[in-house]
């Protein structure tokens with residue numbers, strides 16, 4: 001009997017420590033900034049985020065550059081998602097609010113019209129927007 | 136404690152320093168403006184900068200300001216991102232509006248009147264209210280005239296009711312739903328579409344081929360869903376008046392009122408009246424029935440965005456009366472006699488439905504919905520000496536759960552549904568009663584690789600008291616082989632019980648004997664109809680001379696495993712029997728849309744139908760069904776002026792090929808018809824003048840070229856004789872019809 005109680009309490013200790021230590025949420029909401037300029041970027045960023053195992057939902061906003069993600073913290077973390085986004089060539093704003101830039105090689109893999117670091121292309125997109133608005 | 140004070144002072148210092156150059160504001164939720172409750176956690180930032188802030192518990196934010204910052208972007212998950220121009224440093228008060236579609240990818244500056252989706256898996260397109268205004272349609276049945284995928288035909292010479300077809304099959308093979316609740320079915324099959332006024336319709340979604348398993352097992356050739364105007368988004372007041380030279384008057388009014396932060400209600404009233412008698416073809420019969428309809432609907436909408444609840448409650452009542460027949464027929468005196476031939480169709484319908492939806496606030500991809508509807512349809516009618524009365528009571532309920540497997544690339548819908556239908560029919564002296572109930576469960580899985588491939592696979596199992604226990608599989612695939620193109624394929628099975636009398640009411644306006652081959656089936660002694668539908672579609676978008684266009688090729692086949700054949704081939708009788716052999720409907724369509732110039736659009740389509748059925752008398756083409764059709768629609772609108780004024784022009788051309796007519800060889804020579812009807816062309820035209828956002832006026836003409844069928848009623852001189860037949864109608868009866876109307880709205 002004592003043994004059983006002992007084992008049980010061991011189990012409980014295990015559980016309680018686990019719950020105290022980890023507290024990993026199954027549906028954690030995270031938002032951070034990702035640089036990009038257009039619908040094509042949106043698709044690339046969201047796809048990269050979603051293809052990270054454990055990410056359930058990803059929505060990037062073209063204007064605010066904010067990426068909203070719902071993830072399973074038991075399976076992944078923000079850093080992994082950010083790494084995957086960097087890999088497809090998009091700069092992210094890390095947890096410490098510092099910008100992490102994608103490598104030149106990865107950045108070059110994005111479509112020519114999505115070169116968000118290029119002033120001229122940014123202006124082009126704005127110009128495009130203005131044209132649409134006028135109609 | 137000291138530490139805290141110190142650190143908070145330290146924290147405040149930067150703010151104080153910046154106090155002159157900070158900008159403050161409060162973000163609130165548009166759905167409950169009265170409470171002035173702020174929204175916490177909203178992110179704001181200056182456009183094109185990294186300067187951002189997050190709102191606090193009360194919804195307030197403070198953000199550093201520099202004169203070069205002009206635009207502030209406000210974003211929050213599940214809400215529309217707003218970009219606000221900041222001109223002064225006065226604190227900002229801003230309301231967030233909910234985002235309708237979470238995955239809205241296409242941002243269009245101008246709403247297109249019809250929208251063929253590039254992204255949906257099924258071959259679906261949306262017709263919105265702008266398109267419906269192109270032909271001042273009065274009800275749902277007439278709202279497809281500017282649309283090539285749906286064919287509008289004339290059902291019979293008496294009731295003047297227009298029937299719609301898709302893929303060459305009549306409306307009973309379509310699932311017609313109103314806000315995803317199956318609506319035009321059973322007793323309302325023939326007239327049901329005329330019971331929804333055009334102004335009540337917000338948009339229509341048309342899906343070709345096998346539909347989704349979520350809405351049931353009945354659809355065979357496609358689905359049409361009509362979304363009605365919503366109290367929250369409709370105008371505060373709307374008025375539409377219409378008058379036509381064929382004696383038709385219509386009036387539509389909408390009143391929408393906010394009741395509380397979360398409740399909104401709308402009252403929609405429709406009335407139409409036709410009191411003038413016309414007999415342009417001098418056959419002593421009315422060309423159009425005398426009619427009056429009153430149709431009232433009250434909607435309640437509840438939205439609580441914070442908690443994720445949405446609900447709709449509808450109540451509706453309809454009274455529809457039609458009188459037709461000989462010019463001098465007086466119902467009070469001549470009903471049930473052979474003094475003069477006449478007919479009256481009186482319908483009373485009561486409907487109520489409720490919807491409840493819950494979106495998990497923390498999980499935007501997960502939701503649960505429940506729909507429930509009850510309707511009571513009562514039609515009392517007689518056609519000469521034939522009496523036809525039907526009461527149809529119907530209950531529909533559906534519970535749907537939406538979520539994902541792993542991530543949003545893998546979505547699923549699952550749920551259960553229950554339906555109950557009670558029919559009580561009187562055909563002359565025979566009573567036909569029938570009770571149907573079914574319980575079903577469904578599961579639909581949708582995969583999307585977010586790039587070039589997606590599919591939806593659904594399966595449902597139903598257990599039905601008359602149709603047995605059966606499975607309904609449906610599959611839709613979408614693949615993008617190269618840029619700006621989409622290939623779609625679908626297949627699926629449908630099953631339904633044919634309401635032979637309700638669907639073929641025109642038969643009563645003839646001297647035909649009704650024959651039913653009783654094979655011991657459960658529905659009028661007949662078996663259920665079962666069909667497989669297969670389809671492929673290819674769409675290519677292109678840019679020609681710097682103008683956009685798209686071309687679509689569709690091929691669909693419907694292969695009936697069992698069908699209730701409606702056999703008109705003997706002019707003295709109409710017989711219903713189970714299919715013995717083959718019945719196949721092939722439909723091919725090429726559709727081309729092209730933007731000729733700014734605001735000047737062309738849509739054109741060629742359609743080829745090959746519909747053949749094994750009748751008892753051999754394999755024949757479906758009667759009164761053109762093999763070939765050509766359609767073209769041209770629309771032009773002038774650029775909207777500052778005050779909102781604008782001209783709109785719209786014209787539709789239809790060329791209808793020759794049609795096989797039912798066999799009349801055994802009739803006396805003067806009552807025989809040729810084997811095929813002549814081909815004919817029709818033209819409709821409408822001009823709209825928009826004066827301002829509030830008022831617009833339109834005039835138009837239907838059938839401008841004045842095409843008329845010379846002799847729509849066989850033996851009209853002897854209506855009680857054995858050759859009287861008003862069912863063989865293949866072209867318009869009434870010639871040219873001019874109309875005019877106005878629309879007035881207060882936002």
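Protein chains in written order, with my numbering: chain A, 1 to 135; chain B, 136 to 882. Using N, Cα and C, we set each Cβ at its ideal position, and we do this for glycine too.
Note to self: Looking only at its chain, what residues have a beta carbon closer than 7 Å to the beta carbon of residue 806 of chain B, apart from the 5 residues adjacent to it on each side?
What the structure shows: The count along the second chain starts at 1 and reaches residue 806 of chain B at position 671. Once the five neighbours on either side are set aside, the close Cβ partners of residue 806 of chain B are 799, 849, 850, 858.
Next item on the list: Please check if any C-beta of chain B sits within less than 9 Å of the C-beta of residue 20 of chain A.
Entry: The residue you call residue 20 of chain A lines up with position 20 of the first chain. The predicted position of residue 20 of chain A is uncertain, since its pLDDT is 44 and thus under 50; a value taken from the coordinates is nonetheless stated next. By this cut-off, residue 20 of chain A is not an interface position.
Check: Quick one: which chain B residues come within Cβ less than 7 Å of residue 81 of chain A?
Finding: Start at 1 with the first residue of the first chain, and residue 81 of chain A comes out as number 81. Residues of chain B with a Cβ closer than 7 Å to the Cβ of residue 81 of chain A do not exist; the shortest Cβ-Cβ separation is about 12 Å.
Next item on the list: For residue 255 of chain B, decide whether its Cβ has a neighbour in chain A, counting only Cβ atoms nearer than 9 Å.
Entry: Locating residue 255 of chain B in the second chain gives position 120, where the first residue counts as 1. Interface criterion not met: the Cβ of residue 255 of chain B is under 9 Å from no Cβ in chain A.
Note to self: Just to confirm the assignment, what range does the beta strand (DSSP E) spanning residue 493 of chain B have?
What the structure shows: The count along the second chain starts at 1 and reaches residue 493 of chain B at position 358. First-last of the beta strand (DSSP E) with residue 493 of chain B: 477-494.
Next item on the list: Compare the C-beta of residue 543 of chain B with all C-beta atoms of chain C and state if any pair is closer than 9 Å.
Entry: As a matter of chain content, chain C is missing from the structure shown, whose protein chains are A and B.
Note to self: In this structure, how does DSSP classify residue 617 of chain B when only helix, strand and coil are distinguished?
What the structure shows: Your numbering for residue 617 of chain B matches position 482 in the second chain. When DSSP states are grouped into helix, strand and coil, residue 617 of chain B belongs to the coil group.
Checklist line | Among B:674, B:793, B:262, nearest to residue 341 of chain B - alpha-carbon criterion | finding: Your numbering for residue 341 of chain B matches position 206 in the second chain. For the set B:674, B:793, B:262, the Cα lying nearest the Cα of residue 341 of chain B is the one of B:262.
Notebook entry, point to check: What is the DSSP secondary structure of residue 466 of chain B, counted as helix, strand or coil?
Noted result: The count along the second chain starts at 1 and reaches residue 466 of chain B at position 331. In this structure, residue 466 of chain B counts as helix in the three-state DSSP scheme.
Checklist line | chain A contacts made by the segment 495-510 of chain B, where a contact means CB separation under 7 Å | finding: The segment 495-510 of chain B vs chain A, Cβ under 7 Å: 497, 498, 499, 500.
Check: Going along the chain, which residues of its own chain have a beta-carbon closer than 6 Å to the beta-carbon of residue 671 of chain B, five neighbours each way excluded?
Finding: Within the second chain, numbered from 1, the residue matching residue 671 of chain B stands at position 536. These residues qualify, in order along the chain: 624, 690.
Next item on the list: Give the single residue among B:188, B:711, B:684, B:754 whose Cα lies nearest to the Cα of residue 638 of chain B.
Entry: Working through the second chain from its first residue, we reach residue 638 of chain B at position 503. Here the closest residue by C-alpha is B:711.
Checklist line | Min CB distance residue 47 of chain A to chain B below 9 Å | finding: If you number the first chain from 1, residue 47 of chain A lands on position 47. Yes, residue 47 of chain A lies at the interface with chain B (some Cβ there is under 9 Å from its Cβ).
Check: At a CB-CB cut-off below 7 Å, which residues of chain A make contact with residue 913 of chain B?
Finding: In this structure chain B extends from 136 to 882, so residue 913 of chain B is not present and cannot be described.
Check: Can you tell which of B:459, B:666, B:738, B:697 has its C-alpha closest to the C-alpha of residue 883 of chain B?
Finding: There is simply no residue 883 of chain B to check, as chain B begins at 136 and stops at 882 in what is shown.
Margin query: Quick check: residue 869 of chain B and residue 372 of chain B, are their CB atoms within less than 9 Å of each other?
Written below: For this step, residue 869 of chain B is matched to residue 734 along the second chain. For this step, residue 372 of chain B is matched to residue 237 along the second chain. Residue 869 of chain B is not a Cβ neighbour of residue 372 of chain B, given a cutoff of 9 Å.
Check: At a cut of 8 Å, does the segment 327-342 of chain B reach the segment 552-560 of chain B through at least three beta carbon pairs?
Finding: Verdict: no, contact absent.
Check: Name the chain A residues that come within less than 8 Å of residue 212 of chain B, Cβ to Cβ?
Finding: As a position in the second chain, residue 212 of chain B is number 77, starting the count at 1. Near residue 212 of chain B (Cβ distances below 8 Å), the residues of chain A are 29, 31, 59, 68.
Next item on the list: Mind checking which residues open and close the alpha helix (DSSP H) that includes residue 264 of chain B?
Entry: Taking the first residue of the second chain as position 1, residue 264 of chain B is located at position 129. For residue 264 of chain B, the uninterrupted alpha helix (DSSP H) run begins and ends at 264-267, by DSSP.
Margin query: With DSSP as the reference, identify every bridge partner of residue 509 of chain B, one or two as the case may be.
Written below: Your numbering for residue 509 of chain B matches position 374 in the second chain. In DSSP, residue 509 of chain B forms a bridge with B:487, B:530.
Check: So the alpha helix (DSSP H) residue 50 of chain A belongs to, where does it begin and stop?
Finding: The residue given as residue 50 of chain A occupies position 50 in the first chain. First-last of the alpha helix (DSSP H) with residue 50 of chain A: 39-50.
Check: Whole-angstrom Cβ separation of residue 781 of chain B and residue 787 of chain B, contact assumed at under 8 Å?
Finding: Within the second chain, the letter at position 646 stands for residue 781 of chain B. Within the second chain, the letter at position 652 stands for residue 787 of chain B. In this structure residue 781 of chain B is not in contact with residue 787 of chain B, their Cβ atoms being roughly 20 Å apart against a cut-off of 8 Å.
Next item on the list: Give, in chain order, every unbroken run of the beta strand (DSSP E) that is at least 3 residues long and sits entirely within the segment 513-596 of chain B.
Entry: 521-540, 542-562, 565-583, all fully within the segment 513-596 of chain B.
Note to self: Which same chain residues end up closer than 6 Å to residue 814 of chain B when comparing Cβ atoms and leaving out the 5 residues on each side of it in sequence?
What the structure shows: Here the question's residue 814 of chain B lines up with position 679 in the second chain. The residues are 792, 793.
Note to self: Counting only Cβ pairs nearer than 7 Å, list the residues of chain A close to residue 180 of chain B.
What the structure shows: The sequence position of residue 180 of chain B within the second chain is 45, counting from 1. From the beta-carbon of residue 180 of chain B, the residues of chain A found nearer than 7 Å are 64.
Notebook entry, point to check: Going by Cα to Cα distance, which pick from B:621, B:603, B:568 is closest to residue 586 of chain B?
Noted result: If you number the second chain from 1, residue 586 of chain B lands on position 451. Of the listed residues, the one whose Cα sits closest to residue 586 of chain B is B:621.
Next item on the list: Below 7 Å CB to CB, which residues in the same chain sit around residue 88 of chain B once its five sequence neighbours on both sides are set aside?
Entry: This structure gives no information on residue 88 of chain B, because the portion of chain B shown stretches from 136 to 882.
Notebook entry, point to check: So is residue 95 of chain A buried or exposed if we call it buried at 16+ other beta carbons inside 10 Å?
Noted result: On the first chain, residue 95 of chain A is found 95 positions in, with the first residue counted as 1. It is exposed - the Cβ of residue 95 of chain A has fewer than 16 other Cβ atoms within 10 Å.
Next item on the list: Measuring alpha carbon to alpha carbon, tell me which of B:200, B:861, B:178, B:411 ends up nearest residue 641 of chain B.
Entry: Your numbering for residue 641 of chain B matches position 506 in the second chain. Selected option, being the one with the closest Cα: B:861.
Notebook entry, point to check: In the structure shown, what three-state DSSP assignment does residue 349 of chain B receive?
Noted result: Along the second chain, read from residue 1 onward, the residue named residue 349 of chain B stands at position 214. Helix at residue 349 of chain B.
Note to self: Given this structure, state the Cα-to-Cα distance separating residue 278 of chain B from residue 267 of chain B, to the nearest angstrom.
What the structure shows: Along the second chain, read from residue 1 onward, the residue named residue 278 of chain B stands at position 143. Along the second chain, read from residue 1 onward, the residue named residue 267 of chain B stands at position 132. If I take the Cα positions, the gap works out to 6 Å.
Next item on the list: Indicate the three-state DSSP secondary structure (helix, strand or coil) for residue 327 of chain B in the structure shown.
Entry: For the purposes of this step, residue 327 of chain B is taken as the residue at position 192 of the second chain. Residue 327 of chain B sits in a helix when the DSSP states are folded into three classes.
Next item on the list: Mark residue 174 of chain B as exposed unless 16 or more other C-beta atoms lie within 10 angstroms of its C-beta, in which case mark it buried.
Entry: Taking the first residue of the second chain as position 1, residue 174 of chain B is located at position 39. By the 10 Å Cβ count, residue 174 of chain B comes out buried.
Margin query: Alpha carbons only, please: which of B:363, B:275, B:379, B:607 is nearest the one belonging to residue 315 of chain B?
Written below: Sequence index remark: in the second chain, residue 315 of chain B carries index 180 (1-based). Shortest Cα-Cα distance from residue 315 of chain B to any of B:363, B:275, B:379, B:607 involves B:363.
Item checked: Minimum Cβ-Cβ distance from residue 100 of chain A to chain B less than 9 Å -> Counting from 1 along the first chain, the entry for residue 100 of chain A is found at position 100. Not closer than 9 Å to any Cβ of chain B, the Cβ of residue 100 of chain A fails to qualify, so no.
Check: According to DSSP, is residue 67 of chain A helix, strand or coil?
Finding: Indexing the first chain from 1 puts residue 67 of chain A at position 67. In the structure shown, residue 67 of chain A sits in a strand (DSSP, three-state: E or B).
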